[in-house]
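>
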Amino acid sequence: MSDCIFCKIVNGDIPSSKVYEDDCVLAFNDINPQAKVHFLVIPKSHIGSVDEINESNSNVVSHIFTTIPKIAKKVGLTNGYRVITNCGQDGCQSVKHLHFHVLGGEQLSEKMA
Ligand code: AMP
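To convert, take the position in the sequence shown, counting from 1, and add 105; that gives our numbering.
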């Protein structure tokens, strides 16, 4: 998607602070961190949100969830972390490219909403 900021990060048109990359997944630090450690994990192929996950693209989502624990270990999240994805307007999704926030590195709030 030419007007998608995360597709531009995948293509290298916008710089990012990468923490992990493979053929189908990219992880990079959030530009506005909400915890000591805050990175985003995205599929390289454009999926708009959780609402667009289906039988034909769910392999990459499965891959993301097997990759997150590996990245978490790599960046030193040994005491747990939180994985969040915002979806659509009510979910306050601001970037319309599926992404999973991984937050940690400190005790997080019990509140999630
Ligand atoms: P959401 O509100 O769930 O859609 O989250 C979008 C996230 O993307 C926010 O936490 C932003 O801080 C983050 N973000 C936006 N632009 C960039 C960027 N260029 N590099 C890294 N993170 C970004």
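Note that CB positions come from ideal geometry on N, CA and C, so glycine has one too.
Taking 9 Å as the cut-off, decide whether the C-beta atoms of ILE173 and VAL200 are in contact.
Residue 173 sits at position 68 when you count from the first residue of the sequence shown. Residue 200 sits at position 95 when you count from the first residue of the sequence shown. It is not a contact, given that the beta carbons lie outside the stated cut-off.
> Would you report the Cα separation of ASP128 and LYS149, rounded to the nearest angstrom?
In the sequence shown, residue 128 corresponds to position 23, counting from 1. In the sequence shown, residue 149 corresponds to position 44, counting from 1. Near 8 Å, if we compare the C-alpha coordinates of LYS149 and ASP128.
> Skipping 5 residues on each side, what residues in its chain have a beta carbon closer than 8 Å to that of LEU182?
As a position in the sequence shown, residue 182 is number 77, starting the count at 1. Excluding sequence neighbours, LEU182 sits near VAL142, VAL207, GLY209 and GLY210.
> Between THR190 and HIS168, is the Cβ-Cβ spacing less than 9 Å?
In the sequence shown, the residue the question calls residue 190 occupies position 85. In the sequence shown, the residue the question calls residue 168 occupies position 63. Contact: no.
> DSSP on LYS178, reduced to helix/strand/coil?
The residue labelled residue 178 in the question sits at position 73 within the sequence shown. The answer is helix: DSSP assigns LYS178 an H, G or I state.
> Whose CA, out of SER121, ASN159, GLU160 and GLN194, lies closest to the CA of LEU145?
Taking the sequence shown and counting its residues from 1, the one referred to as residue 145 is at position 40. Taking only the C-alpha atoms, the option nearest LEU145 is SER121.
> Measuring only the C-alpha atoms, how far is PRO138 from ALA132?
Reading the sequence shown from its first residue, position 33 is the one you call residue 138. Reading the sequence shown from its first residue, position 27 is the one you call residue 132. Spanning the two alpha carbons is a distance of roughly 14 Å.
> So is the beta-carbon of HIS151 under 8 Å away from any non-hydrogen atom of ligand 1?
Here residue 151 corresponds to residue number 46 of the sequence shown, with the count starting at 1. Taking 8 Å as the cut-off, one finds no heavy atom of ligand 1 near enough to the beta carbon of HIS151.
> From the DSSP output, read off the bridge partner residues of GLU126.
For this step, residue 126 is matched to residue 21 along the sequence shown. LEU131.
> Name the DSSP bridge partner or partners of PRO148?
In the sequence shown, residue 148 corresponds to position 43, counting from 1. DSSP lists VAL130 as partners of PRO148.
> What are the uninterrupted segments assigned as beta strand (DSSP E) that are 3 or more residues long and contained completely in the segment 153-202, given in chain order?
You should have 186-189.
> Since ASN116 is in the alpha helix (DSSP H), which residue starts that stretch and which ends it?
As a position in the sequence shown, residue 116 is number 11, starting the count at 1. Boundaries of the alpha helix (DSSP H) harbouring ASN116: 110-116, taken from the DSSP string.
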